[in-house]
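Here is the structure we will look at, set down as structure tokens.
In our numbering, the protein residues as written are 6 to 60.
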């Protein structure tokens, strides 16, 4: 749905925002595929310690 909206394929009044043959579209497509696949975050460089200040 997100990719369809960027191409103007859904009625949302904005028209085409990102052409399907653009690098931006392909980057967004890859990003959404990673979200769908449930990619795990890479370990940080601090030996796995929590570096977010909350624990």
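Even glycine gets a Cβ: it sits at the ideal position worked out from N, Cα and C.
- Can you find a CB in chain C that lies within less than 8 Å of the CB of residue 8? In summary, chain C is missing from the structure at hand, where a single protein chain is found.
- What is the DSSP secondary structure of residue 28, counted as helix, strand or coil? helix
- Compute the Euclidean distance between the alpha carbons of residue 8 and residue 27, then round it to the nearest angstrom. 12 Å
- Message: Assuming the contact rule is C-beta atoms closer than 8 Å, residue 23 and residue 33 should be a hit. Round their C-beta distance to whole Å, please.
- Response: 7 Å
- Query: Going straight from the alpha carbon of residue 35 to that of residue 29, what length do you get?
  - Reply: Looking at the two C-alpha atoms, the distance is approximately 10 Å.
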